[in-house]
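Counting from 19, one number per residue, gives the positions in the sequence shown under my numbering.
Just so it is clear, CB atoms sit at the ideal spot from N, CA and C, and this is done for glycine as well.
Working notes, beginning with the structure itself.
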Amino acid sequence: MSSQMPAFRKVVVAAHPKLTDAIQEAQEIVACLRDGGAHALYCKLYDEELRQRIKSGEFDLLIALGGDGTMLRAGHLCGPHGVPILGINMGRFGFLMEIRQKQWQEVVPRLLQGDYWLEQRMMLCAQLFRGIQPLGEWEVLNEVVVGRGQIVRPVHLVTDVDGRFLTTYVADALIASSPTGSTAYALAAGGPILPPELRTILLVPVAPHLSIDRAIVLAEGSWVSITIHTDHRAVLCIDGQTPLDVLDGDRVEVRASDHFVQFVRFQDPGYFYRNLTPHMSQNPSTGNYR
């Protein structure tokens with residue numbers, strides 16, 4: 019069920035740098051796009067040059083080859099600048115990917131004809147404060163995690179919602195997730211699966227001790243404040259990236275971002291539930307599935 023959309027003409031193809039097959043495949047996609055009359059080129063996914071070129075409005079589509087981590091990186095690059103993303107699964111899981119390896123030969127003509135639809139996914143905005151001093155701000159596609167570091171002792175996380183006290187979690191961590199992230203770490207911690215088109219924030223504690231142990235889904239427009247109390251190392255982690263050390267008394271605020279990620283889709287809108295069962299039945303990362 020694709021509606022007529024503008025044809026893509028300025029396309030960048032990016033692959034995970036450690037996937038040799040993906041890099042070769044990306045070069046083939048570039049050649050195919052050029053044969054179809056599009057201006058297409060290959061860029062390395064983690065190069066700062068790519069970020070600057072996307073920011074300058076040079077591209078109207080990014081094609082990402084890799085796994086879900088590649089799509090998170092692509093979302094961070096493209097979401098704030100309104101550039102749609104098409105994901106080609108070269109990894110193991112591919113919750114966020116649209117098409118399989120080699121299937122791109124079928125869909126490139128559709129891209130060039132405007133035969134697709136765009137799915138909008140909510141992003142979160144996370145800010146870190148030390149007192150009144152802001153220390154950083156991030157755009158988030160999956161989740162914000164505030165929790166303990168290497169020492170296996172819980173942290174105290176004083177949590178407010180919309181400026182009102184909710185509870186103090188005594189836990190390994192607290193996850194503040196977007197609906198997209200509800201199938202990631204939040205799911206592994208026992209949270210519910212949310213439809214990706216929602217604009218809600220999901221709170222899921224990790225290993226809570228004698229404190230609220232149920233996930234909470236916040237209304238659209240809500241914001242969360244998490245104040246860390248600890249006498250040992252604690253961290254802030256954004257979308258699975260390298261954790262940042264936080265101190266006792268630091269505060270993390272999470273709310274809906276003004277930006278969203280646009281994924282190019284060819285399947286009908288019911289794809290999410292249709293694809294959910296095979297993903298949930300077996301985890302390909304174990305290597306022992308059938």
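Taking 8 angstroms as the cut-off, the Cβ atoms of residue 224 and residue 274 do not count as close. The way I'd put it, the stretch 67-82 doesn't touch the stretch 135-151; fewer than three beta-carbon pairs between them come closer than 8 angstroms.
Under DSSP, residue 165 shares a beta bridge with 191, 253. Under the three-state reduction of DSSP output, residue 62 falls in the strand class. By the criterion of at least three beta-carbon pairs nearer than 8 angstroms, the stretch 54-74 is not in contact with the stretch 133-145. With respect to residue 211, residue 201 sits close: the two C-beta atoms are nearer than 8 angstroms. With fewer than three CB-CB distances shorter than 8 angstroms, the stretch 129-136 does not count as touching the stretch 206-221. According to DSSP, residue 244 shares a beta bridge with 177, 270. By the criterion of a C-beta distance shorter than 6 angstroms, residue 118 is surrounded in its chain by 107, once the five residues flanking it on both sides are discounted. In the three-state reduction of the DSSP assignment, residue 293 falls in the helix class, which pools H, G and I. Ranking 50, 53, 64, 51 by CA distance to the CA of residue 34 puts 64 first.
The Cβ atoms of residue 270 and residue 162 sit closer than 8 angstroms to each other. Linking residue 67 to residue 160 through their CA atoms gives a straight-line distance of about 24 angstroms. The residues 172, 188, 189, in chain order, have a CB closer than 7 angstroms to that of residue 227 in the same chain once the five nearest residues on each side in sequence are set aside.
For the pair residue 285 and residue 156, the Cα-to-Cα distance works out to about 31 angstroms. The beta-bridge partner set that DSSP reports for residue 30 consists of 59, 80. Within 10 angstroms of the beta-carbon of residue 283 lie 16 or more other beta-carbons, which makes it buried. Here residue 23 is not bridged, per DSSP, to any residue. Around the C-beta of residue 256, 16 or more other C-beta atoms lie within 10 Å, and the residue is accordingly described as buried. Distance between residue 50 and residue 203, taken at the CA atoms: about 37 angstroms.
For residue 216, no alpha helix (DSSP H) segment is defined, and its DSSP state is neither H nor E.
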